[in-house]
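K.L.:
Just so you know, the protein sequences line up as chains P and F, in that order.
Heads up: the first sequence runs through residues 1 to 256, numbered per this note's numbering.
Heads up: the second sequence runs through residues 1 to 233, numbered per this note's numbering.
Note that CB positions come from ideal geometry on N, CA and C, so glycine has one too.
The structure follows.
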Amino acid sequence: MSALGILCANAWREQVRGRFFSVTLIFGGLMLYMSVLLGMLASDQEVRVLLDFGLSFIDVLAAAAVTFAAATGLVREMETKTLYLILSRPVPRSVYLLGRYLGLLLSALTAVLAMAVVHVSILLFKGWHWEAGYLLALAGVGLKLAVTAAVATLLTMISTSVLSALCLTGISWMLGHFVFEIRFMATQALAGASAKALYVMAYVVPNLQLFNFRDRLGIPDATGGGVSFLFALSYCLVYSAACLGGAWGIFRRREF
Amino acid sequence: MRGPVEGACLAAALAAAAVALPRTPHPFPPPSQLRLVPEEAVASASLVSLGMHRLAADLAFIRLVVYYGSPDRDAREQAEHPEEGPHDHAGGVYRDIGPRALRVLSLDPYFEYPVLYAAGALAFNLHRPDEALSLLAEALRYEPRNWKYLSYVGAVGFAKKGDPERALAELAGVLASPDCPTMLRSIAAFMCVRMGRREQAIKLYRQILESRDEGYHPNARRMLERLGAPAGR
Numbered sequence: 001m002s003a004l005g006i007l008c009a010n011a012w013r014e015q016v017r018g019r020f021f022s023v024t025l026i027f028g029g030l031m032l033y034m035s036v037l038l039g040m041l042a043s044d045q046e047v048r049v050l051l052d053f054g055l056s057f058i059d060v061l062a063a064a065a066v067t068f069a070a071a072t073g074l075v076r077e078m079e080t081k082t083l084y085l086i087l088s089r090p091v092p093r094s095v096y097l098l099g100r101y102l103g104l105l106l107s108a109l110t111a112v113l114a115m116a117v118v119h120v121s122i123l124l125f126k127g128w129h130w131e132a133g134y135l136l137a138l139a140g141v142g143l144k145l146a147v148t149a150a151v152a153t154l155l156t157m158i159s160t161s162v163l164s165a166l167c168l169t170g171i172s173w174m175l176g177h178f179v180f181e182i183r184f185m186a187t188q189a190l191a192g193a194s195a196k197a198l199y200v201m202a203y204v205v206p207n208l209q210l211f212n213f214r215d216r217l218g219i220p221d222a223t224g225g226g227v228s229f230l231f232a233l234s235y236c237l238v239y240s241a242a243c244l245g246g247a248w249g250i251f252r253r254r255e256f
Numbered sequence: 001m002r003g004p005v006e007g008a009c010l011a012a013a014l015a016a017a018a019v020a021l022p023r024t025p026h027p028f029p030p031p032s033q034l035r036l037v038p039e040e041a042v043a044s045a046s047l048v049s050l051g052m053h054r055l056a057a058d059l060a061f062i063r064l065v066v067y068y069g070s071p072d073r074d075a076r077e078q079a080e081h082p083e084e085g086p087h088d089h090a091g092g093v094y095r096d097i098g099p100r101a102l103r104v105l106s107l108d109p110y111f112e113y114p115v116l117y118a119a120g121a122l123a124f125n126l127h128r129p130d131e132a133l134s135l136l137a138e139a140l141r142y143e144p145r146n147w148k149y150l151s152y153v154g155a156v157g158f159a160k161k162g163d164p165e166r167a168l169a170e171l172a173g174v175l176a177s178p179d180c181p182t183m184l185r186s187i188a189a190f191m192c193v194r195m196g197r198r199e200q201a202i203k204l205y206r207q208i209l210e211s212r213d214e215g216y217h218p219n220a221r222r223m224l225e226r227l228g229a230p231a232g233r
């Protein structure tokens, strides 16, 4: 196995043995509890409400877990001296960074899959009929995770502490869902430097709304078929590569 | 950031964003068109800003169902103070039902059920067909070809003219669809009973018994008993 494969597998194993599966268990418990409660409140629309709650929970929990793991991973490897052990061998820093990123992403996707299994089981139990849009929504969550993990890796390199990396990633995740509103604010009521700053922000923050297929479920001609998904995938690849490239640019100059 | 690698990466990210932003589908109304009220504003705006329009609409819909399922405060207050004037409906006035449905619609304009639910309640239960029609007009702005909305418009029109037979005929398609609000089926079944359409009423009450909304089950059972029909098929 190549160095990249070993690093990726190790990162995946480390995460799966740790917090990712605890998150999945918490999610499963929450879902079961909410399915009972919401069933009483939403009456005829129980399935729709469960579908939306579940997909949103999967999205938020996986993003929180991936952000936390990306922001703390490097610091922990420095504290445990694992990083020095790896870098003292003929492993390029770019391979180390990419291996960690891929392992992290893979473990996040494993968690998403586990949560989706619980979610789909509850939905089917409640009389939901399978629809392909669900897979598209999950794929969108996966693409969002890829971008979020890359952004978190870059911000960990830039920031001086774990806490600031966590906060900055969290803010960029929120703003990423807010790009239309940012553009709207820039066109309304604001002028001059503030409007320009908002326009720039709308372009710099990751456009996570592009991957938000779960919010476009059931909208005629708007859920996006192959073309829209391929476009979202292309954006995800370019943006993630740019963030990882930036992280590598900083990491290669860092003295340990 | 400094150095050619970081510069190239930033340029790539910006280029990707510049291409992606205009092509991102955003089928929801702009924030200025959101109908927020103080008690729900923070939760709804937060969910919308996190890209959870559907979830925000779901929560607003649950509030609508709870509102219409609870005793009406306005009616209670009027009953306690009869000198202020009579109330319109024995079960309550529910003057906020239209605005609440419009709130759901502003969060997710493609959420069909709350429109059918609120328009049905307004037109056939609360006898405010004009409010029902304005709600349907708002919903049709987003989905002009929605046949259920169009059927509703016809049915409300006939009900307004005092022609329940034709109103029921207009609603036939909606009543047959699996996602028809149980509340509408209940109203339609009652209209059938009054018009002497026993078989149609029995069919509707049996459909009500199969629905998720258990609030309507006891009445459906009672009506089936009155019509001399067993609950099962």
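Note down, in chain order, every chain F residue with its Cβ under 8 Å from the Cβ of MET31 of chain P.
P.N.:
Residue mapping note: residue 31 of chain P aligns to position 31 of the first sequence, counting from 1. Chain F residues near MET31 of chain P: none, gap ~14 Å exceeds 8 Å.
K.L.:
Let's test the definition: count the other Cβ atoms within 10 Å of the Cβ of TRP130 of chain P and tell me whether it reaches 16, buried, or not, exposed.
P.N.:
Residue numbering aside, residue 130 of chain P sits at position 130 when the first sequence is read from its first letter. Exposed: under 16 other Cβ atoms inside 10 Å.
K.L.:
Mind checking GLU165 of chain F: buried by the 16 CB within 10 Å criterion, or exposed?
P.N.:
Position 165 of the second sequence, counted from the first residue, corresponds to residue 165 of chain F. Exposed, by the Cβ-count rule.
K.L.:
Can at least three beta-carbon pairs, one atom from the stretch 69 to 77 of chain P and one from the stretch 151 to 171 of chain P, be found at a separation below 8 Å?
P.N.:
Judged by Cβ distances under 8 Å, the stretch 69 to 77 of chain P makes contact with the stretch 151 to 171 of chain P, as three or more pairs qualify.
K.L.:
So, helix, strand or coil for PRO104 of chain F, using DSSP?
P.N.:
Start at 1 with the first residue of the second sequence, and residue 104 of chain F comes out as number 104. Note that residue 104 of chain F is Val in the sequence shown here, rather than Pro. Here VAL104 of chain F sits in helix by DSSP.
K.L.:
With H, G and I counted as helix, E and B as strand and the rest as coil, what does DSSP make of GLN15 of chain P?
P.N.:
For the purposes of this step, residue 15 of chain P is identified with residue 15 of the first sequence, where counting begins at 1. DSSP places GLN15 of chain P in helix when its eight states are reduced to three.
K.L.:
Which same chain residues end up closer than 7 Å to PHE251 of chain P when comparing Cβ atoms and leaving out the 5 residues on each side of it in sequence?
P.N.:
Stepping through the first sequence from its first residue, residue 251 of chain P is reached at position 251. So the qualifying residues of the chain are ARG93, LEU97 and MET157.
K.L.:
Output, in sequence order along the chain, the residues in the stretch 154 to 186 of chain P whose CB is closer than 7 Å to any CB in chain F.
P.N.:
Per Cβ criterion, the list reads MET174, HIS177, PHE178, VAL179, PHE180, GLU181 and PHE184.
K.L.:
Measure the alpha-carbon distance for SER186 of chain F versus LEU244 of chain P and round it to whole angstroms.
P.N.:
Indexing the second sequence from 1 puts residue 186 of chain F at position 186. Indexing the first sequence from 1 puts residue 244 of chain P at position 244. If you take the alpha carbons of SER186 of chain F and LEU244 of chain P, they lie about 59 Å apart.
K.L.:
Looking at the secondary structure, which residues open and close the alpha helix (DSSP H) in which VAL72 of chain P lies?
P.N.:
The residue you call residue 72 of chain P lines up with position 72 of the first sequence. Note on identity: in this sequence residue 72 of chain P is Thr, with Val being the wrong assignment. Unbroken alpha helix (DSSP H) run through THR72 of chain P: 46 to 79.
K.L.:
Quick one: does GLN15 of chain P have its CB under 8 Å from some CB of chain F?
P.N.:
As a working mapping, residue 15 of chain P is identified with position 15 in the first sequence. GLN15 of chain P does not count as touching chain F.
K.L.:
If we count the other Cβ atoms within 10 Å of its Cβ and call it buried at 16 or more, is PRO86 of chain F buried or exposed?
P.N.:
The residue labelled residue 86 of chain F in the question sits at position 86 within the second sequence. Confidence is the limiting factor: at PRO86 of chain F the pLDDT is only 37, short of 50, which leaves the residue's position unreliable and the question unanswerable from this model.
K.L.:
Give the residues of chain P in contact with ARG54 of chain F, contact being defined as C-beta atoms less than 9 Å apart.
P.N.:
What you label residue 54 of chain F is simply residue 54 of the second sequence in a count that begins at 1. Near ARG54 of chain F (Cβ distances below 9 Å), the residues of chain P are ARG48, LEU51, ASP52, LEU55, SER56, ARG214, ASP215, ARG216, LEU217 and GLY218.
K.L.:
Could you tell me whether any Cβ in chain F is nearer than 8 Å to the Cβ of ALA132 of chain P?
P.N.:
Walking along the first sequence from the start, residue 132 of chain P turns up at place 132. Not one chain F Cβ lies under 8 Å of ALA132 of chain P.
K.L.:
Which residue spans inside the stretch 149 to 193 of chain F form an unbroken alpha helix (DSSP H) run of at least 4?
P.N.:
With a minimum length of 4 residues, the continuous alpha helix (DSSP H) runs that stay inside the stretch 149 to 193 of chain F are 164 to 176.
K.L.:
From this set, P:GLU77, P:ALA139, P:VAL112 and P:SER56, which residue's C-alpha is nearest LEU233 of chain P's C-alpha?
P.N.:
Taking the first sequence and counting its residues from 1, the one referred to as residue 233 of chain P is at position 233. Out of P:GLU77, P:ALA139, P:VAL112 and P:SER56, P:ALA139 has the C-alpha closest to the C-alpha of LEU233 of chain P.
K.L.:
Return helix, strand or coil for PHE213 of chain P, following the three-state DSSP convention.
P.N.:
On the first sequence, residue 213 of chain P is found 213 positions in, with the first residue counted as 1. Helix, per DSSP.
K.L.:
Using a Cβ-Cβ cut-off of less than 8 Å, list which residues of the stretch 62 to 73 of chain F approach chain P; keep chain order.
P.N.:
Flagged, chain order: ILE62, VAL65 and VAL66.
K.L.:
Which parts of the stretch 9 to 57 of chain F are runs of the alpha helix (DSSP H), unbroken and 4 residues or longer, counting only runs that do not cross its ends?
P.N.:
Those alpha helix (DSSP H) runs which fall completely within the stretch 9 to 57 of chain F and span 4+ residues are 38 to 49.
K.L.:
For PRO25 of chain F versus ARG216 of chain P, is the C-beta spacing smaller than 8 Å?
P.N.:
Counted from its first residue, the second sequence places residue 25 of chain F at position 25. Counted from its first residue, the first sequence places residue 216 of chain P at position 216. Yes, Cβ-Cβ distance for PRO25 of chain F and ARG216 of chain P is below 8 Å.
K.L.:
When burial is assigned at 16 or more other CB atoms within 10 Å of the CB, is PHE125 of chain P buried or exposed?
P.N.:
Counting from 1 along the first sequence, the entry for residue 125 of chain P is found at position 125. By the neighbour-count rule (16 or more Cβ atoms within 10 Å), PHE125 of chain P is not buried but exposed.
K.L.:
Please classify LEU85 of chain P as buried or exposed, where buried requires at least 16 neighbouring CB atoms within 10 angstroms.
P.N.:
For the purposes of this step, residue 85 of chain P is identified with residue 85 of the first sequence, where counting begins at 1. LEU85 of chain P should be labelled exposed.
K.L.:
What are the boundary residues of the alpha helix (DSSP H) that includes ILE208 of chain F?
P.N.:
Against the second sequence, residue 208 of chain F aligns to sequence position 208. Taken as a continuous stretch (DSSP letters only), the alpha helix (DSSP H) holding ILE208 of chain F covers 198 to 209.
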